[in-house]
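Down below is the structure, laid out as structure tokens.
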Amino acid sequence: MDMKEFLSKIDGQAVLQGAITTVIILVGAMLIWLLISRGLQLLERRPKVSKTLILPIRLALRYALFLMAVLLILTSFGIPIGNFWTFVSTLLGLIAIGFVAVWSVLSNISATFFLLLVQPFRVGNFVKVVGDDIMGEVIDINFMFTTIRSTEGDVFNVPNNQFFQKATLRPADPKAYMKKLEAKEDEA
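Using numbering that gives the first Met the number 0, the letters of the sequence shown correspond one by one to residues 0 to 187.
Pasting the structure below:
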């Protein structure tokens, strides 16, 4: 297709109508932004509201308004945006799933760092995770899990971030503690 044929297929009236609609959308978006900006400035003047609180709100509103204006302009020229919404929702879903997965891994790695730094227990110590039926000797601490071997020989892999969410008991005399627990079980 050569240039003359391409230009002959363009509907001049539709382009003019799209251009006028674009100008109206841009002017409307600017007016809306001025109103929003003025409202946020008034909100900033209140004593209980800080600039650090308003800044992310300002940025989110600015980009949301910009995105809506772009989508309206595309629609005014007859470009379908249905597929765009599908793309955006899929992308946001993937980001959310990725964030949750990365958060879990990073949470365990940072917990490992603090476990090794603070050392509430060490390999060889007897520990009990309060609220769970997990107790025994710590046999390994790696980036994701702390491995605990119970007195019966069962091995538990406890995520390291659990030690910052639950209380951990480290009895001074593990044998006496175990005898005390067995005595309570016998009474029941």
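Just so you know, even glycine gets a beta-carbon here, dropped at the ideal spot from N, CA and C.
{"Asked": "Cβ atoms of G130 and K165: under 8 Å apart, would you say?", "Found": "yes"}
{"Asked": "With the cut-off set at 8 Å, would you say N82 and N159 are in Cβ contact?", "Found": "no"}
{"Asked": "Any idea what DSSP makes of V122, helix, strand or coil?", "Found": "coil"}
{"Asked": "What runs of the alpha helix (DSSP H), each 4 residues or longer, lie entirely inside the region 73-140?", "Found": "81-117"}
{"Asked": "Taking Cβ to Cβ, would you say N156 is nearer than 8 Å to T167?", "Found": "no"}
{"Asked": "Quick one, which of Q161, V101, T111, I72 has its alpha-carbon nearest Q16's?", "Found": "I72"}
{"Asked": "Report all residues from its chain with a CB closer than 6 Å to the CB of I24; omit the five preceding and five following residues, and keep chain order.", "Found": "A68, L71, I72"}
{"Asked": "Please report how far the alpha carbon of P46 lies from the alpha carbon of A63, in whole angstroms.", "Found": "27 Å"}
{"Asked": "Is it buried or exposed, K174, if we count other Cβ atoms within 10 angstroms and call 16 or more buried?", "Found": "exposed"}
{"Asked": "So F112 and P170 are supposed to be a Cβ contact under 8 Å. How far apart are they, rounded?", "Found": "At roughly 26 Å, the Cβ-Cβ gap does not stay under 8 Å, so F112 and P170 are not in contact."}
{"Asked": "I'd like to know whether the C-beta atoms of I56 and L39 end up nearer to each other than 8 Å.", "Found": "yes"}
{"Asked": "Which whole-angstrom value is the C-beta distance of L114 and F162, which I expect to be below 8 Å?", "Found": "6 Å"}
{"Asked": "DSSP three-state call for P158: helix, strand or coil?", "Found": "strand"}
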